[in-house]
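Residue numbers (our numbering): 4 to 386. Since the structure comes first, as structure tokens, the remarks are kept for the end.
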């Protein structure tokens, strides 16, 4: 009984101590990383992706941040696909900048940083890479864009719908291109189709004539492109200039590639994520207005994905913080994502994550190019 006088004060001191410790875990700023293509052949992607998430950060920071804490981005360059550059940049983000979360892009750089993300428990969000190996690549990797294999499945269903049976394929000689082709091939054959020609080429190729000559000699019903960046625009242009008149279908559309193709792109069909900058959703309109004010051009879906990613992260932060304890870390953020799963999408509607494999489902559509621009045809339900 004689010790009662100091027991209660001691308990209260411990409560205050632990309470102060929990409060001290809140960072001065939400520093987040990004591994993007800021230089090299794919620098356009880095520009629009960073533009997307910086626009979102400006919006949130302009309103005081999250509970008074603002975002700060630290961007590292993977030089348009270098795994070594990605690892170097990511090690700096993790060990020097101490980020618990990072955006990433391109398949090879993303896969190269996965081991470090696993070891250090850093949550990764990819809004640009599409390779099949990204599926189940890591419990810490989530993709807020539909992957190439899903778009590829949509493409062959569209080809079947048009009555085609003989496919020729032109694709990147990397994880994304080869992986997509290997994934689609047995499914196309199971639908009664055949592949009469399949040509792989280096990323960033400028002369497709040797590949196209073989494809034209095989007399396909249509040409499928498993390409990205500017490559599809150059390939379409050269195919038409060589006299190839059959339909060309792909899983990418970007304004810069369409500009390269010019009038030859008319009739090209693409199945991609569907972000409509002229959409009527109020959030879409606000994003487009703020992005245009900052960058003097309309955003497309890559910018939208990374913009959306910041708002997903904001929800994860709120959820993790509400649970208390040590919440500003990759594990707590990942746990919040697995629990929430479904988030509002700047595309309109929602994005839904699959925690089992890191993939997502969101609006996907069929487009046809007319007059140098993509024209919406219909939504695609891809299973």
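The beta carbon of each residue, even a glycine, is placed where N, CA and C say it ideally should be. Keep in mind the model is a prediction, meaning the values are calculated, not measured.
Apply the 10 Å Cβ neighbour rule to residue i and answer buried if 16 or more other Cβ atoms are within range, or exposed otherwise.
i, result
"residue 288", "exposed"
"residue 365", "buried"
"residue 356", "buried"
"residue 187", "buried"
"residue 344", "exposed"
"residue 233", "buried"
"residue 472", "A question about residue 472 goes unanswered here, because the residues of the chain that appear run from 4 up to 386."
"residue 303", "buried"
"residue 165", "exposed"
"residue 382", "exposed"
"residue 308", "buried"
"residue 172", "buried"
"residue 359", "exposed"
"residue 285", "exposed"
"residue 194", "exposed"
"residue 71", "exposed"
May I have the straight-line CA-CA distance separating residue i from residue j, to the nearest angstrom?
i, j, result
"residue 369", "residue 312", "24 angstroms"
"residue 212", "residue 204", "11 angstroms"
"residue 26", "residue 119", "In this prediction, residue 26 has a pLDDT of 47, which is less than 50 and means its spatial position is unreliable; what the coordinates show is noted afterwards. Cα to Cα, the separation comes out at about 28 angstroms."
"residue 67", "residue 129", "26 angstroms"
"residue 226", "residue 346", "36 angstroms"
"residue 214", "residue 374", "27 angstroms"
"residue 198", "residue 252", "14 angstroms"
"residue 306", "residue 122", "29 angstroms"
"residue 247", "residue 220", "10 angstroms"
"residue 168", "residue 178", "26 angstroms"
"residue 44", "residue 137", "22 angstroms"
"residue 372", "residue 133", "22 angstroms"
"residue 281", "residue 150", "24 angstroms"
"residue 62", "residue 292", "12 angstroms"
"residue 283", "residue 341", "30 angstroms"
"residue 114", "residue 310", "22 angstroms"
"residue 263", "residue 245", "16 angstroms"
"residue 242", "residue 210", "11 angstroms"
"residue 163", "residue 170", "10 angstroms"
"residue 131", "residue 140", "15 angstroms"
"residue 238", "residue 126", "36 angstroms"
"residue 250", "residue 321", "48 angstroms"
CB-CB under 6 angstroms to residue i, same chain, minus the five flanking residues each way: which ones, in chain order?
i, result
"residue 80", "41 and 42"
"residue 36", "77, 96, 102 and 105"
"residue 315", "346"
"residue 124", "333 and 334"
"residue 180", "174 and 229"
"residue 361", "144, 145 and 146"
"residue 82", "42, 43 and 88"
"residue 49", "39, 40 and 41"
"residue 207", "44"
"residue 384", "none"
"residue 231", "255"
I'd like to confirm the pairing. Which residues does DSSP put opposite residue i in its beta bridges?
i, result
"residue 189", "Its beta-bridge partners do not exist; DSSP assigns none."
"residue 175", "204"
"residue 229", "174"
"residue 198", "170"
"residue 276", "367"
"residue 145", "128"
"residue 252", "227 and 272"
Closer than 7 angstroms by C-beta to residue i: which residues in its own chain qualify, once you throw out the five before and the five after it? Chain order, please.
i, result
"residue 60", "74, 76 and 313"
"residue 116", "38, 89, 90, 93 and 107"
"residue 295", "301"
Please list, in chain order, all residues of the same chain as residue i whose beta carbon is under 8 angstroms from its beta carbon, the five residues on each side excluded.
i, result
"residue 352", "365 and 366"
"residue 378", "370, 371 and 372"
"residue 240", "263, 264, 265, 267 and 268"
"residue 190", "156 and 159"
Quiz item: Can you give, in chain order, each stretch of the alpha helix (DSSP H) that sits fully within the region 102-138 and has at least 4 residues?
Solution: 110-123
Quiz prompt | alpha helix (DSSP H) segments (min. 4 residues) lying fully within the region 326-383 | solution = 333-343
Quiz item: What are the complete alpha helix (DSSP H) segments, minimum 4 residues, inside the region 13-98?
Solution: 46-65 and 86-98
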